[in-house]
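**Q** Numbering (this note's numbering), first residue to last: 7 to 206.
In structure tokens, the structure reads:
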């Protein structure tokens, strides 16, 4: 009985610490997102690309895709703004646990098992700008495909920072019916190589 009570107490304390830890990350990121319109722009683009794909003709597809150019530029600029804003925070406030589940305050006793969210945001900002500027010379539909993947990966990273990698993977699959690996395979080479290096 004593062992069961001890285990129950450990689980309760763990849950309290986990919730408190995750809440600090959510609040911190939310504060930096408050003056941006990233979520609205991302929704506009992801839904808009789906509409374009469903258009009757290729000419109509291209016409629809062209209407999103201002929103694409705005997303790239705002992710860069977020990356610069988050740079003001300390490394102690921006760790990401590399385990699949959340380990509260892991940066204090196993810093080698964490990565810096600030660095990851700069990777996303550079990757989005690369695709928006179409430095690889893709046709409009291919570019939209890669840009969707960039947005999905960015969203995954935010969920990972706020919750855990498992939660981020699950939300990605639930919202977009795509796996993290598929998204990573679909972003630009610039983003993928930098992301893999960051992840180690």
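All C-beta atoms in this analysis are idealised placements derived from N, C-alpha and C, irrespective of residue type, glycine included.
(1) So who's on the other strand from residue 102, going by DSSP bridges?
(2) Can you find the residues in the same chain that come closer than 7 Å, C-beta to C-beta, to residue 34, ignoring five residues on each side of it along the sequence?
(3) Starting from residue 143 and walking both ways along the alpha helix (DSSP H), at which residues does that stretch end?
(4) Quick check for students: name the residue ranges of the alpha helix (DSSP H) that lie wholly in the region 72-101, counting only runs of 4 or more.
(5) Got a sec, what are the start and stop residues for the alpha helix (DSSP H) residue 192 sits in?
(6) Which residue from 119, 110, 128 puts its Cα closest to that of residue 19?
(7) Hey, how far is the Cα of residue 199 from the Cα of residue 133?
(8) Using DSSP with H/G/I as helix, E/B as strand and the rest coil, what is residue 107?
(9) Beta-carbon separation of residue 169 and residue 28 under 8 Å?
(10) Please report the distance separating the alpha-carbon of residue 163 from that of residue 174.
(11) May I ask which residues mark the beginning and end of the alpha helix (DSSP H) holding residue 175?
(12) Using a Cβ-Cβ cutoff of less than 7 Å, which residues in the same chain neighbour residue 204 once the five nearest sequence positions on both sides are dropped?
(13) Any idea what DSSP makes of residue 133, helix, strand or coil?
(14) Output yes or no for whether 8 Å exceeds the beta carbon distance between residue 131 and residue 89.
(15) Might you give, ordered along the chain, the residues of its own chain that have their beta carbon closer than 6 Å to the beta carbon of residue 177, omitting 5 neighbours on each side?
(16) Throw me the rounded Cβ distance for the residue 123 and residue 104 pair, which I believe falls under 8 Å.
(17) Who are the near neighbours of residue 78 in its chain, counting only those whose CB is closer than 6 Å to its CB and skipping five residues on each side?
(18) Check whether the Cβ atoms of residue 92 and residue 47 sit closer than 8 Å, and answer yes or no.
(19) Leaving out five residues before and five after residue 140 in sequence, what residues of the same chain have Cβ atoms less than 6 Å from its Cβ?
**A** On the basis of the coordinates in this document:
(1) 121
(2) 95, 99
(3) Counting along the chain, residue 143 falls outside any alpha helix (DSSP H), and DSSP gives it neither H nor E.
(4) 75-92
(5) 186-192
(6) 110
(7) 10 Å
(8) coil
(9) yes
(10) 7 Å
(11) 171-182
(12) 121, 125, 126, 129
(13) helix
(14) yes
(15) 165
(16) Not confirmed; about 12 Å, so no contact.
(17) 138
(18) no
(19) 149
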